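Protein chains in written order, with this note's numbering: chain E, -14 to 275; chain C, 2 to 46.
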């Protein structure tokens, strides 16, 4: 309320360039005092205020960092607006409404976007900054934060899938690449430095929380069966470091022992494979039967 | 002898190491598997 009184009581008339009208705006002195009051109330959230405020123009104000210093300057100015706020600055004996800092209930292991913090604050970026400073959130990328899960071994980083869920805004995606291909048992053993992620939103190389993700916008089933990963491996045989002929032989042996579902494999090949890969799959199936 | 991969929180260990060393979880797991194979191979001789 003091702030409103100050701004309204000491508003100055400013002509609008090119028009006959004038506008009432808060005076520079009012703005400086309000900035100082805000800083005194929450200095830990307002580390830049003395740099960004209009007080920058004055060497004397720039060097002001204490209540006593502010009071000294205000007394020197001797304006009526400063006298209104002096009791607050010096003795804190004015009635003010101070809201308690919000304490959001954050789920360990979950990744949050800044806008999700809007459920607990009208100013999500500021809340995020405070939670990072208290260690409750760990920044992963611009606008992306993780609530670390504590284990016996220390703070556990979030799962790749959880990072991608938040980053891609709950849109469908599938993580593929060397780990999934190697698990098929078809001879691939190479390990990539970054995860391969098919999705519907982004393409390119992204580093999130120190981890590298290669995002591609391509067609993929929302719940991919194992047979789809076989097709994916055949399509990326060169990257996996295995010859296609070697993969076809391994696939043929796996089909012979009933390792994969033939109908599903054919269906996945028809939908997601190139003509050359479809021919390779058909050849592997034929060899497995004979 | 109790080994780390027998711990129910082994996956957490892999992710912590991967984050600290800036590697993928798969690389850390592969490194561990090779190392543990060498150690257990040596002890079984």
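Backbone N, C-alpha and C fix where the C-beta goes; we use that ideal spot for every residue, glycine too. On a predicted model such as this, the values are computed, not experimentally measured, just so you know.
Just to confirm, are residue 180 of chain E and residue 197 of chain E a CB contact at a threshold of 9 Å? As a working note, residue 180 of chain E is residue 195 in the first chain. As a working note, residue 197 of chain E is residue 212 in the first chain. It is a contact, given that the beta carbons lie within the stated cut-off.
Does any CB atom of chain E fall closer than 9 Å to the CB of residue 19 of chain C? Taking the first residue of the second chain as 1, we reach residue 19 of chain C at position 18. Output row for residue 19 of chain C: interface = yes.
Can you tell me whether residue 34 of chain C is buried or exposed? The criterion is at least 16 other CB atoms within 10 Å of its CB, across all chains shown. For the purposes of this step, residue 34 of chain C is identified with residue 33 of the second chain, where counting begins at 1. Counting Cβ neighbours within 10 Å, residue 34 of chain C comes out exposed, since fewer than 16 surround it.
For residue 3 of chain C, count neighbouring C-beta atoms within 10 Å of its own C-beta (all shown protein chains included) and say buried if the count is 16 or more, exposed if not. Locating residue 3 of chain C in the second chain gives position 2, where the first residue counts as 1. Its Cβ having fewer than 16 others within 10 Å, residue 3 of chain C is exposed.
Expected contact under 8 Å - CB spacing of residue 218 of chain E and residue 265 of chain E to nearest Å: In the first chain, residue 218 of chain E corresponds to position 233, counting from 1. In the first chain, residue 265 of chain E corresponds to position 280, counting from 1. Their Cβ separation, rounded to whole angstroms, is 11 Å, which puts residue 218 of chain E and residue 265 of chain E out of contact at 8 Å.
What is the rounded straight-line gap between the Cα of residue 145 of chain E and the Cα of residue 3 of chain E? Locating residue 145 of chain E in the first chain gives position 160, counting from the first residue. Locating residue 3 of chain E in the first chain gives position 18, counting from the first residue. About 57 Å.
Classification of residue 90 of chain E by the beta-carbon crowding that lies within 10 angstroms, buried from 16 upward: Indexing the first chain from 1 puts residue 90 of chain E at position 105. Residue 90 of chain E comes out exposed.
heavy atom of the ligand NAD below 8 Å from residue 32 of chain C C-beta: As far as ligands go, the structure on display features none, and thus does not contain the ligand NAD.
To which residues of the same chain is residue 237 of chain E closer than 7 Å at the C-beta, ignoring the five residues directly before and after it? Position 252 of the first chain holds residue 237 of chain E. Closer than 7 Å at the Cβ level, and outside the excluded window around residue 237 of chain E, lie 269, 272, 273.
Are at least three pairs of beta-carbons, each pair with one atom in the segment 95 to 113 of chain E and one in the segment 149 to 168 of chain E, less than 8 Å apart? Inter-segment contact for the segment 95 to 113 of chain E and the segment 149 to 168 of chain E is present: three or more beta-carbon pairs are separated by less than 8 Å.
Pull up the distance between the alpha-carbon of residue 200 of chain E and that of residue 14 of chain E, whole angstroms please. Residue numbering aside, residue 200 of chain E sits at position 215 when the first chain is read from its first letter. Residue numbering aside, residue 14 of chain E sits at position 29 when the first chain is read from its first letter. Those two C-alpha atoms are separated by around 52 Å.
Starting from the beta carbon of residue 141 of chain E, find every residue of chain C whose beta carbon is closer than 8 Å, and list them in chain order. In the first chain, the residue the question calls residue 141 of chain E occupies position 156. By Cβ distance, chain C contributes 13, 16, 17.
Interface residues of the segment -6 to 19 of chain E facing chain C [CB-CB below 7 Å]: Answer in chain order: no residues at all.
With DSSP collapsed to three states, give me the class of residue 227 of chain E. Taking the first residue of the first chain as 1, we reach residue 227 of chain E at position 242. DSSP, read as helix, strand or coil, puts residue 227 of chain E in coil.
Assign residue 161 of chain E to one of three DSSP states: helix, strand, or coil. On the first chain, residue 161 of chain E is found 176 positions in, with the first residue counted as 1. In the structure shown, residue 161 of chain E sits in a strand (DSSP, three-state: E or B).
Enclosing alpha helix (DSSP H) for residue 257 of chain E [first to last residue]: Within the first chain, residue 257 of chain E is the residue found at index 272, counting from 1. Its alpha helix (DSSP H) spans residues 247 to 257.
Determine, using beta carbons only, whether residue 27 of chain C comes closer than 9 Å to chain E. To locate residue 27 of chain C, count along the second chain from 1; it is residue 26. Under the Cβ distance rule, residue 27 of chain C counts among the residues neighbouring chain E, one pair being separated by less than 9 Å.
Opening and closing residue of the beta strand (DSSP E) in which residue 200 of chain E lies: Looking up residue 200 of chain E in the first chain gives position 215. Looking at the DSSP string, the run of the beta strand (DSSP E) that includes residue 200 of chain E is 196 to 202.
Check whether the Cβ of residue 145 of chain E lies closer than 9 Å to any Cβ atom in chain C. If you number the first chain from 1, residue 145 of chain E lands on position 160. Interface residue, yes.
Element boundaries [alpha helix (DSSP H), containing residue 21 of chain C]: Position 20 of the second chain, counting from 1, holds the residue named residue 21 of chain C. Per DSSP, residue 21 of chain C is one residue of the alpha helix (DSSP H) stretching across 11 to 22.
What does residue 10 of chain C reach in chain E if we use C-beta pairs closer than 7 Å? In the second chain, counting from the first residue as 1, residue 10 of chain C sits at position 9. The contacting residues are 136, 137, 138.
Keeping to the same chain, check which residues put their C-beta closer than 7 Å to that of residue 113 of chain E; ignore five residues upstream and five downstream. Taking the first residue of the first chain as 1, we reach residue 113 of chain E at position 128. Hits under 7 Å: 99, 102, 122, 130.
Rank E:251, E:195, E:107, E:194 by C-alpha distance to the C-alpha of residue 214 of chain E and give the top, closest one. Translated into the one-based positions of the first chain, residue 214 of chain E becomes position 229. Its Cα nearest to that of residue 214 of chain E, the residue E:251 stands out among E:251, E:195, E:107, E:194.
Return the CA-CA distance between residue 239 of chain E and residue 171 of chain E, expressed in angstroms with no decimal places. The residue you call residue 239 of chain E lines up with position 254 of the first chain. The residue you call residue 171 of chain E lines up with position 186 of the first chain. Between the C-alpha atoms of residue 239 of chain E and residue 171 of chain E there is a straight-line separation of about 8 Å.
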